[in-house]
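Novice: Residues are numbered in the working numbering as their position in the sequence shown, beginning at 1, plus a constant of 50.
Take this structure first; my questions come after.
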Amino acid sequence: MKKKQGFAGQRIIEINDEAAKMHQRKHSTGKLGFFSKVGFFPEAKYQFLEDRVGSADYALVYCVKGYGTAIINHKILHVSPGDFFVIPANTPFSYAADQIKPWTIFWFFFDGEAIREMADLFIHNAGSYKGYLPYTDERIKLFNRIYKCLEQGHGEQNLLMLNMCLLNLISSLVLLGGDRVKISDKQQLLVNSSIQFMKDSVHKSISLPQIAAYVNLSVPHYTALFKKTSGMSPISYFISLKIQKASEYLKYSDFLVKEISFKVGIFDVQYFSRLFTKTTGLSPLKFRAQFKTLQSN
51 MKKKQGFAGQ
61 RIIEINDEAA
71 KMHQRKHSTG
81 KLGFFSKVGF
91 FPEAKYQFLE
101 DRVGSADYAL
111 VYCVKGYGTA
121 IINHKILHVS
131 PGDFFVIPAN
141 TPFSYAADQI
151 KPWTIFWFFF
161 DGEAIREMAD
171 LFIHNAGSYK
181 GYLPYTDERI
191 KLFNRIYKCL
201 EQGHGEQNLL
211 MLNMCLLNLI
221 SSLVLLGGDR
231 VKISDKQQLL
241 VNSSIQFMKD
251 SVHKSISLPQ
261 IAAYVNLSVP
271 HYTALFKKTS
281 GMSPISYFIS
291 LKIQKASEYL
301 KYSDFLVKEI
311 SFKVGIFDVQ
321 YFSRLFTKTT
331 GLSPLKFRAQ
341 FKTLQSN
């Protein structure tokens with residue numbers, strides 16, 4: 051199931067294009083950087099956005115809670131609390147909330163000469179579209195200040211304040227976030243490697259010691275590192291991968307529930323059904339029926 055809009059508590063504000071262009075002609079800060087659209091999606095279950103051509107503007111998505119996945123220029127990013135990612139203009143992308151623990155995100159579409167250079171510099175130095183900065187009240191206050199300005203209209207004073215907020219926001223994320231990427235790079239690579247191993251083994255029944263051995267770590271060390279990085283245990287994550295794969299089979303194939311259970315390496319069909327129901331809130335058959343109903347509407 052995928053959902054593009056309509057989350058309880060969401061906020062979306064678009065800047066009037068004509069007002070923004072007029073402001074850029076009159077003020078140098080507008081040329082440095084300006085917002086075109088901003089939004090806030092809390093616990094955005096089934097949220098999905100895809101653009102195979104790419105937006106004319108740059109975009110930044112910051113995750114404050116939950117999990118998701120982004121694919122930018124064919125590179126897969128696993129997103130956890132505190133992670134953000136930058137999408138350059140005219141770059142194909144898609145991103146989606148995790149079905150089990152969906153993310154809460156702030157997102158911003160923006161443009162401007164200085165901001166483009168800053169974002170490109172971050173991507174170059176980090177060697178990734180993704181960075182990390184821990185949750186802070188000050189950063190969230192800055193996000194809320196941006197919304198407050200936007201809600202007051204698109205007058206020159208508000209747009210001027212927004213330009214200042216944008217420069218502050220992007221510089222704090224991309225400059226500080228790049229340092230954290232370098233510091234945690236080795237640990238993140240180990241976790242990413244183990245996640246890829248789990249994905250490649252989603253059709254099998256593998257144990258925690260096997261996963262830890264794959265990245266040459268002891269079980270306690272690996273478990274602690276994985277929890278620190280992802281916020282959940284390795285086995286919980288592996289199970290979530292199996293449920294996600296099972297969801298795809300239910301949506302896009304005619305396999306029986308028993309066949310799907312075996313295809314995701316769970317050979318007790320009743321246990322699989324209980325696990326799927328506990329995770330998604332729907333039994334496998336009800337999940338498939340609901341998806342088909344949504345597709346037909």
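No residue lacks a Cβ here, since even glycine has one placed at the ideal position from N, Cα and C.
All of these numbers come straight from a predicted model, not from anything done at the bench.
So, are the CB atoms of T141 and I122 less than 9 angstroms apart?
Specialist: Yes.
Novice: Cα-Cα, which of W157, G177, F134 is closest to L183?
Specialist: It is F134.
Novice: Alpha carbon to alpha carbon, how far is L300 from F172? Give it in angstroms, no decimals.
Specialist: Cα to Cα, the separation comes out at about 40 angstroms.
Novice: Rounded to a whole number of angstroms, what is the C-alpha to C-alpha distance between R230 and A176?
Specialist: Note that R230 scores a pLDDT of 49, beneath 50, so its modelled location is shaky and nothing firm can be said.
Novice: By the 10 Å Cβ neighbour count, where 16 or more other Cβ atoms means buried, how is K232 classified, buried or exposed?
Specialist: No answer about K232 holds up, because its pLDDT of 48 lies below 50 and its placement is not dependable.
Novice: Output yes or no for whether 9 angstroms exceeds the beta carbon distance between R110 and S144.
Specialist: In the sequence on display, residue 110 carries Leu and not Arg. No, the Cβ-Cβ distance between L110 and S144 is not below 9 angstroms.
Novice: Just the C-alpha distance for L258 and Y272, rounded to the nearest angstrom, thanks.
Specialist: So the alpha carbons of these two residues sit roughly 9 angstroms apart.
Novice: Using DSSP's beta-bridge definition, name the partner residues of S144.
Specialist: Answer by DSSP bridge pairing, in chain order: E100, I121.
Novice: Looking at K292: is its Cβ nearer than 9 angstroms to the Cβ of V252?
Specialist: Contact: yes.
Novice: Report buried or exposed for G331, applying the criterion of at least 16 other Cβ atoms within 10 angstroms of its Cβ.
Specialist: So G331 ends up on the exposed side.
Novice: Can you give the beta carbon distance from K119 to V129, rounded, assuming they're within the 8 angstroms contact cut?
Specialist: Sequence check: residue 119 is Thr here, not Lys. Sure, about 6 angstroms apart at Cβ, within 8 angstroms.
Novice: Count the other CB atoms within 10 Å of the CB of K328; is the residue buried (16 or more) or exposed (fewer)?
Specialist: Under this definition K328 is an exposed residue.
Novice: The beta strand (DSSP E) with L183 in it runs from where to where?
Specialist: Unbroken run through L183: none, as it is neither H nor E.
Novice: I think A37 touches W153, with their Cβ atoms under 8 angstroms apart; what is that distance to the nearest whole Å?
Specialist: Outside the displayed span of the chain (51 to 347) sits residue 37, for which this structure offers no information.
Novice: Pick from K313, D304, A164: whose alpha carbon is nearest that of A339?
Specialist: It is D304.
Novice: Using three-state DSSP, classify L306 as helix, strand or coil.
Specialist: It is coil, neither helix nor strand.
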